[in-house]
Each structure stands twice: as C-alpha cells, then as structure tokens.
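Numbering-wise (this note's numbering), the sequence shown opens with residue 750 and increments by one.
Backbone N, C-alpha and C fix where the C-beta goes; we use that ideal spot for every residue, glycine too.
Nothing here was measured: the structure is a model prediction, and the numbers come from that model.
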Amino acid sequence: MTNKSQNCHTAEEIEDCKIILRVYAKSNSAVRAIEKQILKEALGSFYYKRGSSTLDQCNRIIDMIETKEGYLTLREKTEKVLGTLKASDREFLTMRFVNKMQFSDIADYFGWSLRNCFRRYDGAARAFCEAMKNDEFFESEKETVRALPLYVLEKRKSDERRAEAFSRE
750 MTNKSQNCHT AEEIEDCKII LRVYAKSNSA VRAIEKQILK EALGSFYYKR
800 GSSTLDQCNR IIDMIETKEG YLTLREKTEK VLGTLKASDR EFLTMRFVNK
850 MQFSDIADYF GWSLRNCFRR YDGAARAFCE AMKNDEFFES EKETVRALPL
900 YVLEKRKSDE RRAEAFSRE
C-alpha cells in the first residue's frame, strides 16, 4: 500500500495536468489548422508576396511544422499515459476533457451522485498527474510542452478563472 504523502500533488501540478488534458483534447483541431496554414503558405510562395522573401516563408513553414510535431508528440505521449491509468479513470477523463461532458451528465451516465462524481474526478486527475510524473517524457520535456500555443492560451484562461474566483471571495 502506498503512503498518501507520496501521492500528494500541489494544486499547481494538478492544474498543469488538467491544462495538458485540455490541450490534448484540442490537439486534433490545432493540427488541422496548422496543416491549412502550411498549405496556404506553400501555395502563396508560388506567387510573389510583397515584402516577404522565400526564405521567410520557408522559415514560417518550418516553425509551423515544428509546432505541429509538438502537438502530435504531446498527443501520443498523453495517450500513452492515459493507457497506464485504470479503465474507469481513463474513461472519466476522456468524457470530461475530450467529449466535454458536464459533471452532471457524467454522474447520470455512471449512476453516481454529483458529490461522488467530483470525488472521482479529483482521484482521476491525481492519478493522471502521478502517471505523468512517472513518465520520463513529461518530466524531461516540460518546457517544450509549455511552449505550445494552445498550452499558453489554456494556462492564461486557467489563471484568469482562478483570479476571478479569488476576487469573488
């Protein structure tokens, strides 16, 4: 049996895991948007763009490809980490983040009370956070993940929600 103190995570670590799950859920649409941008940029390179050299266009395309690669890597590694969780935790997190279901809908689906649903959500989030800590990719590539545009956007939204919640108290 594990000691509870070993599994404790700070609120910041758990929030970071939730942000990664939100980015994971949006990564497919982000990749599709990047692919469209790459096509537009590549097709535009056949025509003369005022004030934009071919080298600049190639550099922008390379940057977009690197960002796309970051999303694909994040998606693959997140799926790997989700695969290590218990089936119930994985299903719960998938319903909440990928399918964007409300807690009341998840509680109805499983036949739980809303209070039990929140408790299980907390447990699933902590389990995901622990699994991420055990995965060498997330520990070694934290800064790469945090540099993704969607991560930055989700982090800003999370900080705004937290600030709004503190201002109401």
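Could you tell me the alpha carbon to alpha carbon distance between residue i and residue j, rounded to whole angstroms?
i, j, result
"threonine 701", "lysine 882", "This structure does not reach residue 701, given that the chain is present from 750 up to 918, and the question cannot be answered."
"lysine 906", "isoleucine 814", "25 Å"
"valine 772", "leucine 899", "6 Å"
"aspartate 812", "valine 780", "13 Å"
"aspartate 884", "alanine 914", "32 Å"
"cysteine 878", "glutamine 806", "39 Å"
"leucine 834", "phenylalanine 867", "18 Å"
"serine 754", "asparagine 808", "Any reading at serine 754 needs caution, since the residue's pLDDT is 39, under 50, leaving its predicted position unreliable; the model's value is listed next. Between serine 754 and asparagine 808, the C-alpha separation is close to 48 Å."
"alanine 782", "glycine 860", "38 Å"
"serine 916", "glutamate 903", "20 Å"
"glutamate 828", "alanine 774", "11 Å"
"aspartate 857", "alanine 836", "18 Å"
"alanine 880", "alanine 873", "10 Å"
"phenylalanine 841", "valine 847", "10 Å"
"arginine 864", "alanine 896", "35 Å"
"serine 776", "arginine 824", "7 Å"
"glutamate 890", "glutamine 851", "31 Å"
"glutamate 790", "serine 778", "18 Å"
"proline 843", "isoleucine 810", "Residue 843 is actually threonine in this sequence, not proline. Rounded to the nearest angstrom, the two C-alpha atoms are 32 Å apart."
"lysine 817", "serine 862", "40 Å"
Is it buried or exposed, residue i, if we count other Cβ atoms within 10 angstroms and call 16 or more buried?
i, result
"threonine 803", "exposed"
"leucine 792", "exposed"
"aspartate 871", "exposed"
"valine 894", "buried"
"isoleucine 769", "buried"
"tyrosine 820", "buried"
"valine 901", "exposed"
"arginine 910", "exposed"
"leucine 788", "exposed"
"alanine 876", "buried"
Kindly indicate which three-state DSSP category residue i falls into: helix, strand or coil?
i, result
"lysine 785", "helix"
"leucine 897", "coil"
"leucine 823", "helix"
"methionine 844", "helix"
"lysine 835", "coil"
"glycine 860", "coil"
"glutamine 806", "helix"
"lysine 849", "coil"
"aspartate 884", "coil"
"glutamate 890", "coil"
"threonine 759", "coil"
"glutamate 903", "helix"
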